[in-house]
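Colleague:
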């Protein structure tokens with residue numbers, strides 16, 4: 003079993019590294035996108051990532067039901083989940099219980115047969131935000147990262163495209 | 003002598019790691035809280051940390067006079083100081099000379115007989131804040147971290163609950 | 003050939019570390035400042051850095067034409083470029099094509115005979131900025147860091163004055 007978590011800042015090269023790690027496993031890779039193209043900025047970013055990855059990936063858009071998607075795609079090639087921070091944001095917008103969903107995800111990861119490579123973001127290394135909602139989000143993101151890191155087999159912190167091994 | 007500094011982002015698992023490191027030393031552990039329960043958000047966080055730690059800690063609330071508290075509690079079990087960034091914030095609000103206090107703390111740490119485990123925050127890895135006060139605070143926090151790291155025996159950078167050894 | 007990139011947060015001790023690394027090479031060190039003293043805050047920071055470095059450095063102010071400055075100063079002592087993030091900011095203000103300039107810099111670095119030590123900033127580890135311009139800047143800064151890190155011989159991430167080896 004290979005559960006890999008890649009964390010880092012914005013534009014740190016996490017997604018590219020995750021693609022490389024995912025392709026290194028045998029079988030057809032599966033791309034599980036938590037992003038939805040709700041605005042132009044996001045639409046362009048999604049299109050750019052897709053062009054870079056190439057056409058040999060199975061693609062799924064999964065804004066919320068990540069656990070279900072992992073169960074359904076298990077048994078084939080490695081899955082790349084990009085990214086957990088956006089999934090958290092989607093859960094909060096949908097008024098789901100993110101903390102419960104994070105536990106379910108941790109449990110599901112422990113039962114996967116095919117590899118899972120997950121991308122997440124570090125958002126707690128700046129000045130404390132003025133905004134209470136932003137503070138709550140960065141707290142939730144930090145706890146989600148700790149929860150998933152604790153069940154992962156490997157955790158890397160990516161800076162300037164270069165990985166540091168955390169676990 | 004064991005002077006340990008744990009740094010990292012918000013909700014990175016620094017405090018839990020600091021508790022584990024402090025308990026690993028013999029004797030009754032001492033918890034030195036620089037936080038005051040000034041609002042509900044802070045009150046809830048303090049209560050949660052206390053519940054997790056358990057009741058076998060000696061507890062002290064020390065918003066400002068950290069050097070004095072270290073001198074008074076020396077000779078017993080290890081001290082956990084949580085956290086230096088809040089202490090800095092308290093010094094600035096009280097219009098104390100934080101730079102002088104940081105030097106006094108560095109000097110006092112060199113003379114401790116019982117271990118000291120300190121938690122601090124990285125706040126300088128986001129976009130430059132618009133606000134001049136926020137910029138001044140992150141500059142001070144960075145300089146404080148460098149000052150204390152330079153006299154510590156061990157420094158760890160905690161990401162997603164996992165430590166990276168800096169020193 | 004020695005191309006060294008030092009990255010980290012605000013006031014993390016990057017500049018001091020870069021001075022030490024630059025002085026370790028033979029010959030008279032060259033300080034290439036991308037900062038201009040446009041306001042008092044910046045003026046004071048420049049004066050403080052200069053006082054610390056001492057008078058034995060050749061100094062150049064290069065807000066934009068970094069590639070040209072590297073070519074002109076090649077063949078002597080090591081060059082310290084402080085910093086790339088400000089250079090990026092200057093390019094954006096001057097409405098230059100930063101992405102093209104970053105490629106030219108990467109190419110020029112590969113052809114240097116004398117060492118180059120560069121300082122840059124991590125700005126993408128906080129909460130997503132509200133402001134679209136700030137988001138675009140942190141994206142550009144992240145991509146610039148990846149580009150230069152990919153051609154560097156050594157990359158270090160500096161936290162609390164202490165380096166972690168990335169490459």
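Residue numbers (the numbering used here), protein chains in the order written: chain Z, 3 to 169; chain F, 3 to 169; chain S, 3 to 169.
Ideal Cβ placement from N, Cα and C applies to all residues, glycine included.
Quick caveat: nothing in here was measured; it's all calculated off a predicted structure.
List the whole-angstrom C-beta distance separating residue 23 (chain F) from residue 161 (chain F), where the pair is believed to meet the contact cut-off of C-beta under 8 Å.
Modeller: Actually they do not touch by this definition, with Cβ atoms about 16 Å apart.
Colleague: Between residue 4 (chain F) and chain S, is there a C-beta pair that is closer than 8 Å?
Modeller: Closer than 8 Å: no.
Colleague: Please classify residue 144 (chain S) as buried or exposed, where buried requires at least 16 neighbouring CB atoms within 10 angstroms.
Modeller: Result: buried.
Colleague: Going by DSSP, name the residue or residues bridged to residue 54 (chain Z).
Modeller: Looking at the DSSP assignment, residue 54 (chain Z) forms no beta bridge with any residue, so it has no partner.
Colleague: Return the residues of the stretch 124-141 of chain S that lie within a Cβ-Cβ distance of less than 7 Å from chain Z, sorted by chain order.
Modeller: Under the 7 Å Cβ criterion, the stretch 124-141 of chain S contributes 124, 126, 127, 128, 129, 140 and 141.
Colleague: With DSSP collapsed to three states, give me the class of residue 27 (chain S).
Modeller: Here residue 27 (chain S) sits in coil by DSSP.
Colleague: Can you say whether residue 115 (chain S) is buried or exposed, counting buried as having 16 or more other CB atoms within 10 angstroms of its CB?
Modeller: Counting Cβ neighbours within 10 Å, residue 115 (chain S) comes out exposed, since fewer than 16 surround it.
Colleague: Against residue 169 (chain F), what residues of chain A qualify as contacts under a CB-to-CB distance less than 7 Å, listed in chain order?
Modeller: Looking at the structure shown, chain A is missing, and the protein chains on hand are Z, F and S.
Colleague: Step through the CB atoms of chain Z and report whether any lies within less than 8 Å of the CB of residue 79 (chain F).
Modeller: Not one chain Z Cβ lies under 8 Å of residue 79 (chain F).
Colleague: Enumerated in chain order, which unbroken segments of the alpha helix (DSSP H) with a length of 4 residues or greater are wholly contained in the stretch 130-165 of chain S?
Modeller: Entirely contained in the stretch 130-165 of chain S, the alpha helix (DSSP H) runs reaching 4 residues are, in chain order, 134-153.
Colleague: Specify the secondary structure class of residue 7 (chain Z) as computed by DSSP and reduced to three states.
Modeller: In the structure shown, residue 7 (chain Z) sits in a strand (DSSP, three-state: E or B).
Colleague: Going along the stretch 7-40 of chain F in order, which residues come within less than 9 Å of chain Z, judged by CB to CB distance?
Modeller: Those residues of the stretch 7-40 of chain F that come within reach of chain Z (Cβ to Cβ, closer than 9 Å) are 10, 11, 12, 13, 14, 15 and 18.
Colleague: Can you confirm whether the stretch 134-141 of chain S touches the stretch 97-105 of chain S when touching is taken to mean that 3 or more C-beta pairs between the two stretches lie within less than 8 Å?
Modeller: Result no; under three Cβ-Cβ pairs closer than 8 Å.
Colleague: Consider the Cβ of residue 118 (chain F): report whether some Cβ of chain Z lies at a distance smaller than 8 Å.
Modeller: So, not an interface residue.
Colleague: If you compare alpha carbons, which of F:4, F:9 and F:5 is closest to residue 159 (chain F)?
Modeller: Looking at the Cα atoms, F:9 is the closest of the given residues.
Colleague: Ordered along the chain, which non-local residues of its own chain (more than five positions away) have a Cβ less than 7 Å from that of residue 153 (chain Z)?
Modeller: Within the same chain, residue 153 (chain Z) has close Cβ partners 5, 108, 111 and 112.
Colleague: Taking three-plus beta-carbon pairs below 8 Å as touching, is the stretch 12-26 of chain F in contact with the stretch 39-48 of chain F?
Modeller: Not touching, per the Cβ criterion.
Colleague: Which residues in chain F have a C-beta closer than 8 Å to the C-beta of residue 101 (chain Z)? List them in chain order.
Modeller: In chain order: nothing, as chain F lies at least about 13 Å away.
Colleague: Return the first residue and the last residue of the beta strand (DSSP E) that residue 90 (chain Z) is part of.
Modeller: Residue 90 (chain Z) -> not in any beta strand (DSSP E); alpha helix (DSSP H) instead, spanning 86-95.
Colleague: Nearest to residue 85 (chain Z) by CA position, among Z:19, Z:53, Z:128 and Z:168, is which residue?
Modeller: Out of Z:19, Z:53, Z:128 and Z:168, Z:19 has the C-alpha closest to the C-alpha of residue 85 (chain Z).
Colleague: Excluding sequence positions up to five away, which residues of its chain have a Cβ less than 7 Å from the Cβ of residue 99 (chain F)?
Modeller: Correct list: empty, nothing qualifies.
Colleague: Give me the residue from S:124, S:123, S:93 and S:166 with the minimum Cα distance to residue 69 (chain S).
Modeller: Comparing Cα-Cα distances from residue 69 (chain S) to each of S:124, S:123, S:93 and S:166, the minimum goes to S:93.
Colleague: Just to confirm before moving on: does the CB-CB distance between residue 173 (chain S) and residue 90 (chain S) stay below 8 Å?
Modeller: Here chain S comprises residues numbered 3 to 169, so residue 173 (chain S) is not present and cannot be evaluated.
Colleague: Could one say the Cβ of residue 157 (chain Z) lies closer than 8 Å to chain S's Cβ atoms, at least one of them?
Modeller: No, residue 157 (chain Z) lies away from the interface with chain S (no Cβ there is under 8 Å from its Cβ).
Colleague: When burial is assigned at 16 or more other CB atoms within 10 Å of the CB, is residue 35 (chain S) buried or exposed?
Modeller: Its Cβ being crowded by 16 or more others within 10 Å, residue 35 (chain S) is buried.
Colleague: Mark residue 72 (chain F) as exposed unless 16 or more other C-beta atoms lie within 10 angstroms of its C-beta, in which case mark it buried.
Modeller: Result: buried.
Colleague: Does DSSP put residue 108 (chain F) in a helix, in a strand, or in coil?
Modeller: Residue 108 (chain F) falls in the helix class under three-state DSSP.
Colleague: Would residue 170 (chain Z) be called buried (16 or more neighbouring beta carbons within 10 Å of its own) or exposed?
Modeller: Nothing about residue 170 (chain Z) can be reported from this structure: the residues present for chain Z run from 3 to 169 only.
Colleague: Per DSSP, residue 80 (chain S) forms a beta bridge with which residues?
Modeller: Residue 80 (chain S) pairs with nothing; no bridge assigned.
Colleague: Less than 8 Å between CB atoms is the rule here; does residue 161 (chain Z) satisfy it with respect to chain S?
Modeller: Yes - at least one Cβ of chain S is within 8 Å of the one on residue 161 (chain Z).
Colleague: Using the three-state DSSP reduction, which class does residue 20 (chain F) fall into: helix, strand or coil?
Modeller: Here residue 20 (chain F) sits in helix by DSSP.
Colleague: Between residue 128 (chain S) and residue 79 (chain S), how many whole angstroms is the CB-CB distance? I'm expecting something under 8 Å.
Modeller: Their Cβ separation, rounded to whole angstroms, is 37 Å, which puts residue 128 (chain S) and residue 79 (chain S) out of contact at 8 Å.
Colleague: What residues of chain S sit near residue 151 (chain F), judged by a beta carbon separation below 7 Å?
Modeller: Neighbours of residue 151 (chain F) on chain S, chain order: 162, 163 and 164.
Colleague: Helix, strand or coil: how does DSSP classify residue 13 (chain F) here?
Modeller: Coil, per DSSP.
Colleague: What three-state label does DSSP hand residue 46 (chain S) in the structure shown?
Modeller: Helix at residue 46 (chain S).
Colleague: What's the C-alpha gap between residue 1 (chain F) and residue 130 (chain Z)?
Modeller: Any answer about residue 1 (chain F) is impossible in this case: the structure gives chain F only from 3 up to 169.
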